[in-house]
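To keep things clear, I will list the structure first and then write my remarks on it.
In our numbering, the protein residues as written are 41 to 258.
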């Protein structure tokens with residue numbers, strides 16, 4: 041067969057089941073369909089599609105220059121070629137809350153299992169660059185609420201990413217994460233944690249799964 045034999049809805053359902061089990065799920069990065077197939081063959085649990093990698097593949101810096109059309113198109117190419125669930129980076133949602141809503145439905149239609157929306161200002165910067173700035177808590181919450189309200193498949197994972205750790209510290213990151221969970225986020229991506237102890241504190245403060253971005257230097 042040319043494409044995945046597991047429907048997008050079934051991938052999402054199975055992904056949610058595994059998340060609920062509490063087991064550690066490993067999602068290596070895939071930048072094209074072939075790399076996704078190799079990840080599947082090696083026995084990993086899912087595929088992660090990085091916005092920074094997609095930007096680099098287009099010869100662009102990771103500062104919010106990619107479009108929803110480009111990101112969703114690559115995501116669809118990858119998702120349909122693997123039996124694994126695929127999570128994709130949607131940056132700040134490509135605009136205001138109403139744009140976030142369109143982003144969610146477009147990514148659902150592309151067959152993705154979930155996405156994360158971050159709290160940086162527009163245009164954003166790569167999470168590991170200096171000079172980042174985040175929106176206020178109210179704006180961040182509105183983005184997540186718009187995403188949650190827009191989804192049609194309850195198993196489509198809405199993850200909230202916060203970049204506030206590098207700006208205001210860990211306590212601020214924990215407070216922001218709690219607010220995003222209250223807004224409906226199914227999981228939290230705390231960007232640029234400095235060590236395992238910070239991840240432990242973040243995890244202890246939340247009742248939802250936490251994504252650990254295994255990138256050198258935090």
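Backbone N, C-alpha and C define an ideal beta-carbon position, used for all residues, glycine too.
Considering only their Cβ atoms, is the gap separating residue j from residue i smaller than 8 Å?
i           : j           : result
residue 206 : residue 242 : no
residue 190 : residue 144 : yes
residue 192 : residue 148 : yes
residue 203 : residue 232 : yes
residue 108 : residue 134 : yes
residue 210 : residue 240 : no
residue 97  : residue 71  : yes
residue 150 : residue 116 : yes
residue 76  : residue 118 : yes
Ordered along the chain, which non-local residues of its own chain (more than five positions away) have a Cβ less than 6 Å from that of residue i?
i           : result
residue 56  : 195
residue 59  : 249
residue 175 : 159 and 161
residue 180 : 159
residue 253 : none
Give the C-beta separation of residue i and residue j to the nearest angstrom, bearing in mind that I take them to be a contact with Cβ-Cβ under 8 Å.
i           : j           : result
residue 246 : residue 226 : So it is not a contact: roughly 11 Å between Cβ atoms.
residue 137 : residue 182 : 5 Å
residue 114 : residue 158 : About 18 Å; that fails the 8 Å criterion.
residue 67  : residue 85  : 7 Å
residue 126 : residue 188 : The pair is not a contact, with the Cβ atoms about 20 Å apart (cut-off 8 Å).
residue 161 : residue 173 : 5 Å
residue 141 : residue 186 : 5 Å
Please work out which residues of its chain come closer than 7 Å, Cβ to Cβ, to residue i, disregarding the five sequence neighbours upstream and downstream, and give them in chain order.
i           : result
residue 44  : 120, 121, 122 and 123
residue 51  : 125 and 153
residue 53  : 195
residue 63  : none
residue 212 : 204
Give every residue of the same chain whose Cβ lies closer than 8 Å to the Cβ of residue i, excluding the five residues on either side of it in the sequence, and list them in chain order.
i           : result
residue 100 : 106
residue 220 : 159, 180, 181, 184, 200, 202 and 228
Beta-carbon of residue i versus every beta-carbon of chain B: anything under 8 Å?
i           : result
residue 243 : The structure shown has no chain B; it contains just one protein chain.
Every unbroken alpha helix (DSSP H) within the stretch 146-208, with a cutoff of 4 residues, ordered by chain: 177-190 and 205-208
To test your reading of the DSSP string, which unbroken alpha helix (DSSP H) runs of 4 or more residues are found completely within the stretch 79-139? 91-97 and 108-119
Can you find at least 3 beta carbon pairs, one from the stretch 121-140 and one from the stretch 80-91, that sit closer than 8 Å? The stretch 121-140 vs the stretch 80-91: in contact.
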